[in-house]
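J.:
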Ligand SMILES: NC(=O)c1ccc[n+]([C@@H]2O[C@H](COP(=O)([O-])OP(=O)(O)OC[C@H]3O[C@@H](n4cnc5c(N)ncnc54)[C@H](O)[C@@H]3O)[C@@H](O)[C@H]2O)c1
């Protein structure tokens, strides 16, 4: 039985990945800062007959992350998969962006990814098997007005992942990035309808993505079918960026 940690797993894309990996008989540790994670873990374990637990962890806090890894190891004994999915936005044009809006986004999205990957790496190396999946965004490739902080954090994730992939490939550990396009979650729910319609017109498949569209690629990347794929960025965006 494999064990996966999914950060930001209480809702949205992270929860969908939890449910999908559980359907493949993988035990799930959902990490999040919101209490909703408790109910999501119960839903994952009752739907798929795996063990799923919720851990309240702020990924931007290295000490909290290290403690949480210890707890997961106490509970599950192993860690095979980390999905660095926790992410936030604090949008605004650069002229008006406050330093704390820059730092909070970089701390959660990029430093969080560093904290969690570093904290599980020793375990993966000792097991001689691991899968690291980092959730970036197509705006980490294209840039986006009003999102200089978010886009920089997501571009950083891509370079971080490629570097880690090169460091650990010989240990039977792969590291890949998924770059979602425009996905229906709370993150995009609050956008004005006209912005959503404008985005949708630019998407060749003419619809927003669903969390399961991302979860399906995570399932592929943790499988043996993907054992020869590492350091890649897989856009899952209905053709928005090509
Ligand atoms: N929705 C989209 O269109 C879209 C597009 C591209 C990339 N993404 C990325 O996908 C990932 C998931 O986003 P989503 O759309 O499901 O958003 P969401 O807001 O529904 O979920 C994000 C989760 O991360 C958690 N989180 C926030 N800060 C945290 C922290 N410090 N520690 C631990 N957990 C924390 C939140 O509580 C939440 O449960 C994010 O990295 C996001 O940037 C989303």
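Numbering (the numbering used here), first residue to last: 4 to 245. No residue lacks a Cβ here, since even glycine has one placed at the ideal position from N, Cα and C. Since we're looking at a predicted model, the values are computed, not measured.
#1: For residue 93, which of 106, 81, 82 has the nearest alpha-carbon?
#2: Given 8 Å as the limit, tell me if residue 46 has its C-beta closer than that to any heavy atom belonging to ligand 1.
#3: Got a sec, what are the start and stop residues for the alpha helix (DSSP H) residue 45 sits in?
#4: Quick one: residues in its chain with C-beta nearer than 6 Å to the C-beta of residue 29, no 5 flanking neighbours on either side, listed in chain order?
#5: In the DSSP assignment, the beta strand (DSSP E) including residue 177 goes from what residue to what residue?
#6: Run the CB neighbour count on residue 99, radius 10 Å, all protein chains shown included, and call it buried at 16 or more, exposed below.
#7: Helix, strand or coil for residue 234? Go by DSSP, reduced to three states.
#8: Would a C-beta distance cut-off of 9 Å place residue 37 and residue 14 closer than the cut-off?
#9: Only counting the same chain, and skipping five residues up and downstream in sequence, which positions put a Cβ closer than 8 Å to that of residue 208?
#10: Report whether the distance from the Cβ of residue 185 to the nearest heavy atom of ligand 1 is below 8 Å.
#11: Where does residue 10 fall in DSSP's three states?
#12: In three-state terms, what does DSSP make of residue 36?
T.: Let me lay it out:
#1: 106
#2: no
#3: 39–51
#4: 5, 7
#5: 176–183
#6: exposed
#7: coil
#8: yes
#9: 241, 242
#10: yes
#11: strand
#12: coil
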